[in-house]
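Trainee:
Residue numbers (the UniProt record's numbering): 1 to 321.
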């Protein structure tokens with residue numbers, strides 16, 4: 001999930017259960033489509049040596065996922081099917097919450113043995129981008145993961161992490177990793193206060209007693225609210241999702257909009273189009289709290305049956321140039 005999604009700590013038991021029912025993530029803009037792709041970031045982010053090599057327990061899982069990405073990248077020039085294939089590779093992996101906030105200080109966390117809904121999307125995208133770039137190194141993967149996760153591509157730090165997923169989409173669109181589809185899908189403007197993290201301060205161990213970090217979170221939320229007023233995120237209401245199935249593609253990133261006060265997105269995943277399926281067969285490939293990485297076979301039905309999810313924001317991964 002986004003920072004709040006990713007690490008939605010044990011806030012209030014009732015709220016945590018509610019978010020679990022929502023599909024399993026927490027808080028982290030979308031707007032018009034870009035005429036041309038902006039330049040993608042170079043992958044030159046400086047990271048400590050400790051995160052540029054996989055631990056022994058991770059190396060085999062990384063290699064297996066990378067080989068899946070490479071084999072599908074060879075068969076297509078489009079990145080979406082590669083993202084989907086990598087996501088499908090992880091089916092059955094358990095849901096793991098709070099992994100990004102487990103270290104006492106911010107560091108790049110990468111795991112392949114389980115995911116929350118946002119780390120699942122980030123990992124599949126970083127692997128697919130690496131395969132398209134013919135970069136088979138773990139260091140390259142780590143840099144791509146970090147530049148997707150942190151504002152403006154880094155540096156790594158709690159205040160720089162893209163906690164609200166609408167900002168995650170906007171920031172990655174600015175740097176050419178994804179393209180926002182809000183206007184293309186004739187999305188409705190989303191109005192949200194975006195203050196979930198600051199109004200639930202005690203639930204976040206990192207800034208519950210750290211006034212400096214808390215001030216940083218408040219400044220971030222104020223900036224996002226101003227940005228939303230200038231360029232509202234656009235979402236497809238839940239009852240209109242099936243009407244845009246023909247415009248969705250395998251591997252598109254889906255963010256499910258929440259009606260919880262102060263929260264933009266409560267769950268994320270990938271558009272799943274089964275091989276040799278008809279044009280109106282669209283599912284959701286995601287990390288579920290109850291089932292781990294799984295496929296929900298009908299995207300609209302999934303959204304409509306989950307309480308307090310009201311629609312979706314969509315972003316399309318861009319090919320690596």
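Where is the CB? At the ideal position from N, CA and C, for every residue including glycine.
For residue 66, which of helix, strand or coil comes out of DSSP?
Mentor: Looking at residue 66 - three-state DSSP - the assignment turns out to be helix.
Trainee: Across which residues does DSSP place residue 269 in a beta bridge pair?
Mentor: Residue 269 pairs with 254.
Trainee: Three or more C-beta pairs closer than 8 Å, one from the stretch 75-90 and one from the stretch 121-133: is that the case here?
Mentor: Touching, yes, given that three or more Cβ pairs across the two stretches are closer than 8 Å.
Trainee: Just the C-alpha distance for residue 80 and residue 203, rounded to the nearest angstrom, thanks.
Mentor: Answer to the nearest angstrom: the Cα atoms are 36 Å apart.
Trainee: Below 8 Å on the Cβ atoms is my contact criterion, and I expect residue 151 with residue 47 to pass it. Report the Cβ-Cβ distance as a whole number of Å.
Mentor: Not quite, the Cβ-Cβ distance comes to about 16 Å (not below 8 Å), so this is no contact.
Trainee: For the alpha helix (DSSP H) holding residue 84, just list the boundary residues, first then last.
Mentor: Where residue 84 is concerned, the enclosing alpha helix (DSSP H) stretches over 80-89.
Trainee: Please name the residue or residues paired with residue 322 in a DSSP beta bridge.
Mentor: This structure cannot speak to residue 322, because the chain is shown only from 1 to 321.
Trainee: Using the Cα positions of residue 283 and residue 226, report the straight-line distance between them to the nearest angstrom.
Mentor: Roughly 34 Å separates the two Cα atoms.
Trainee: Report the rounded CA-to-CA distance for residue 67 versus residue 247, giving the unit in angstroms.
Mentor: Distance between the alpha carbons of residue 67 and residue 247: 29 Å.
Trainee: Looking only at C-alpha atoms, which of 212, 103, 118 sits nearest to residue 322?
Mentor: With the chain covering 1 to 321 only, the question about residue 322 has no answer from this structure.
Trainee: Please report how far the alpha carbon of residue 268 lies from the alpha carbon of residue 95, in whole angstroms.
Mentor: Near 13 Å, if we compare the C-alpha coordinates of residue 95 and residue 268.
Trainee: Assuming residue 316 and residue 249 are in contact, meaning their beta carbons sit under 8 Å apart, how far apart are those beta carbons, in whole angstroms?
Mentor: Residue 316 to residue 249, Cβ: 7 Å. Contact.
Trainee: To test your reading of the DSSP string, which unbroken beta strand (DSSP E) runs of 3 or more residues are found completely within the stretch 168-235?
Mentor: Fully enclosed beta strand (DSSP E) runs of 3 or longer: 178-180, 188-190.
Trainee: Starting from the Cα of residue 314, find the closest Cα among 149, 78, 253 and give me that residue.
Mentor: Nearest of 149, 78, 253 to residue 314, Cα basis: 253.
Trainee: Does any residue of chain C bring its CB to less than 9 Å from the CB of residue 154?
Mentor: Of the protein chains in the structure, only one exists, and it is not chain C.
Trainee: Between residue 304 and residue 297, what straight-line distance do the alpha-carbon atoms span, to the nearest angstrom?
Mentor: The straight-line gap from Cα to Cα measures roughly 13 Å.
Trainee: Quick check on this structure: which residue in 222, 294, 104 has the alpha carbon closest to the alpha carbon of residue 116?
Mentor: Among 222, 294, 104, the Cα nearest to that of residue 116 belongs to 294.
Trainee: To the nearest angstrom, how far is the alpha carbon of residue 35 from that of residue 132?
Mentor: Caution applies to residue 35, whose pLDDT of 44 falls short of 50 and renders its modelled position unreliable; the value that the coordinates give is listed next. In a straight line, the C-alpha of residue 35 is about 22 Å away from that of residue 132.
Trainee: In terms of DSSP beta bridges, what is residue 237 paired with?
Mentor: Per DSSP, 311.
Trainee: Let's test the definition: count the other Cβ atoms within 10 Å of the Cβ of residue 172 and tell me whether it reaches 16, buried, or not, exposed.
Mentor: Residue 172 should be labelled buried.
Trainee: Hey, how far is the Cα of residue 245 from the Cα of residue 239?
Mentor: Distance between the alpha carbons of residue 245 and residue 239 is about 12 Å.
Trainee: Rounding to the nearest angstrom, what Cα-Cα distance links residue 100 and residue 148 in this structure?
Mentor: Rounded to whole angstroms, residue 100 to residue 148 spans 14 Å at the Cα level.
Trainee: I'd like to know whether the C-beta atoms of residue 308 and residue 259 end up nearer to each other than 9 Å.
Mentor: Yes; because the gap between Cβ atoms is below 9 Å, this pair is in contact.
Trainee: Taking the straight line between their C-alpha atoms, what separation do you get for residue 205 and residue 161?
Mentor: Each residue's Cα considered, the two are about 15 Å apart.
Trainee: So is residue 222 buried or exposed if we call it buried at 16+ other beta carbons inside 10 Å?
Mentor: Exposed: under 16 other Cβ atoms inside 10 Å.
Trainee: Distance check for residue 93 and residue 163, CA to CA, integer angstroms please.
Mentor: Computed Cα separation, rounded: 23 Å.
Trainee: Pick out whichever of 166, 97, 251 has its Cα sitting closest to the Cα of residue 191.
Mentor: Closest option to residue 191, Cα to Cα, is 166.
Trainee: Quick check on the burial criterion: 16 or more other C-beta atoms within 10 angstroms. Buried or exposed for residue 230?
Mentor: It counts as exposed.
Trainee: Return the first residue and the last residue of the alpha helix (DSSP H) that residue 122 is part of.
Mentor: Run containing residue 122: 117-132, per the alpha helix (DSSP H) assignment.
Trainee: Can you tell me where the alpha helix (DSSP H) with residue 148 in it begins and where it stops?
Mentor: From DSSP, the alpha helix (DSSP H) with residue 148 extends over 138-149.
Trainee: Closest by CA to residue 45, which one among 241, 156, 286?
Mentor: Among 241, 156, 286, the Cα nearest to that of residue 45 is on 156.
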